Every structure is written in C-alpha cells, then in structure tokens.
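All letters in the sequence shown, in the order written, are residues 38 to 258 by our numbering. The structure under discussion appears below in the form of structure tokens.
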Amino acid sequence: MPRTVTVSYDSPLGPMTLAAVAGPQRAEGVLTGCWFDGQRHDRAGLGTDARALGGPDAAQGPQAARSGGGAHGAPGTGGAADGGAWAVLAQALAWLDAYFAGRDPGPRPALAAPGTRFQHLVWDELLTLPRGSTRTYGGLARDLEARTGRRCAARAVGGAVARNPVSVIVPCHRVLGADGSLTGYAGGSERKAWLLRLEGVALPVDGRLAGPVAVGGEHHG
C-alpha cells in the first residue's frame with residue numbers, strides 16, 4: 038500500500054502542508070495535496086495514516102534533498118519505501134521556492150490528487166491556464182464543454198475548482214467570477230489577489246478586474 042508522507046512549507050502567504058505517496062506501483066512518488074493551513078477543505082481526503090516529516094525526518098527528507106543533501110532511505114525516516122515521496126516533495130518544494138520568488142518554476146511535479154472524474158476534468162483544464170492570465174468560471178465551463186462535448190454548468194465547475202487539493206501548483210487562483218471578482222478561492226481572496234499580482238495581473242484597489250485577462254503566453258506556473 039502506498040504510504041502518504043506530508044511536509045510543512047513556510048510560504049510568504051502562511052504555512053502550507055504538502056502530501057505525497059510512494060509505494061510499489063509509485064516508486065517515483067506523486068504529489069497528492071498542497072494546502073494553505075486552515076484554508077477551506079484543508080487536507081481534505083488525507084488519510085489518517087499520513088506521516089508528517091519533522092525534526093530528524095525532515096533533515097533527511099525533502100528539505101535536505103531540495104538543497105542537495107539527505108539520503109533517501111536513511112534510518113528513522115521510513116526507509117526506501119518513502120524515497121519516491123521524498124523525491125516528489127523535494128521537487129514540489131523547489132517549485133514553490135521558484136514560484137514565490139517570481140521565477141519560472143519549470144515543470145510541475147507528478148500529480149495524482151484524489152477526486153471524481155469530473156473534478157479531474159476541471160483540474161486538468163486549470164493546468165492549461167498560463168501564468169499571468171485569468172478565466173471566469175463560466176469561461177472555464179465553456180472550455181470544458183468544447184473539450185468533452187457535454188453541457189457543463191459554471192456552478193459545478195466552481196465547486197470543483199474550490200475543491201482543488203493542490204493549491205498554487207494547480208492554479209485555481211486564476212479563475213474569477215463573471216464580474217472579475219476574486220470569489221471562490223479556498224485560500225481566501227487576499228491570497229488570491231497576492232498570487233495574481235505576483236504573476237503580473239493588474240488588480241484595482243477593490244481587488245476586482247474590469248475584465249478577465251486574455252489567455253495566452255507561456256504555459257508555466
């Protein structure tokens with residue numbers, strides 16, 4: 038059975054928790070969650086068997102691996118069974134470091150968040166939104182209709198976006214209300230505004246866009 042491993046991350050917007058799994062079928066590890074601590078749906082779906090890396094474990098785990106140290110399978114850290122989880126967590130931590138520093142973070146770590154088929158369709162659509170662009174919930178629903186050939190309600194899309202368990206890395210913060218309002222973000226509107234400004238989106242004082250930024254440009258972030 039894949040074992041879930043979690044690690045804390047100190048972001049400019051407050052502490053975050055990341056989760057990953059590794060096992061016989063997932064030797065390289067996959068990221069299953071990335072939440073702002075205390076957000077809506079914080080750590081939803083995270084099993085009770087999840088093991089947090091802390092103290093000596095963290096020193097030998099993803100934090101050390103990110104800086105070039107650490108040995109996968111070191112004593113006291115769960116052994117080689119967690120090596121894939123450490124590897125993907127190290128990649129995710131480095132990705133977040135680059136992103137919050139305003140740099141191109143490069144390819145995303147491997148993702149395997151738990152969710153329904155519809156939720157995964159919506160989350161996959163989020164991955165097509167380039168850094169520095171925005172889309173409305175209605176626009177995202179129309180994109181999904183064009184992709185699947187099935188009618189899709191903006192409200193249903195909004196529900197799936199709000200349930201995105203991989204904050205920042207899967208950019209649900211790039212989705213706006215029909216009037217450009219910063220609504221629906223599980224991490225809160227202040228974080229949403231901060232992330233959009235980091236990406237170069239011009240927001241007025243009231244945190245509302247006159248209209249969504251056209252989708253285009255580089256596909257990263």
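Virtual Cβ for every residue (Gly too), placed ideally from N, Cα, C. Model, not experiment: these values are computed from the prediction.
- The DSSP-derived three-state label of residue 215 is coil.
- Residue pairing by DSSP places residue 47 opposite 52 in a beta bridge.
- Between residue 194 and residue 213, the C-beta gap is not smaller than 9 Å, which leaves the two residues out of contact.
- Looking at 205, 235 and 87, the one whose alpha-carbon comes closest to that of residue 133 is 205.
- Of all alpha-carbon atoms in 203, 236 and 216, the one lying nearest the alpha-carbon of residue 79 is that of 203.
- With a cutoff of 9 Å on beta-carbon distance, residue 121 and residue 56 are scored as not near each other.
- Inter-segment contact for the region 163-183 and the region 211-230 is present: three or more beta-carbon pairs are separated by less than 8 Å.
- Across the structure, residue 169 and residue 83 are spaced so that their CA atoms are roughly 30 Å apart.
- For residue 156, the enclosing alpha helix (DSSP H) stretches over residues 154-163.
- Taken through DSSP and simplified to helix, strand or coil, residue 182 comes out as helix.
- For residue 236, the number of other beta carbons within 10 angstroms of its own is at least 16, and it is reported as buried.
- Taking each of 209, 163 and 155 in turn and checking the Cα distance to residue 188, the smallest one comes out for 155.
- A contact is defined here as three or more CB-CB pairs under 8 Å, and the region 63-78 meets this definition with respect to the region 218-226.
- DSSP, reduced to helix, strand and coil, places residue 124 within a helical segment of the structure shown.
- Shown here for residue 135: same chain residues with a beta carbon closer than 8 Å to its own, the five before and five after excluded, namely 141, 142 and 143 in chain order.
- In this chain, the alpha helix (DSSP H) harbouring residue 199 covers 191-199.
- When secondary structure is reduced to three states using DSSP, residue 57 falls in the strand class.
- Each of 234, 238, 240 and 227 was checked against the Cα of residue 51, and the nearest Cα belongs to 227.
- Of the candidates 138, 66 and 123, 138 places its Cα closest to the Cα of residue 49.
- The beta-carbon distance between residue 41 and residue 88, rounded to whole angstroms, is 7 Å. This is short enough to meet the 8 Å contact definition.
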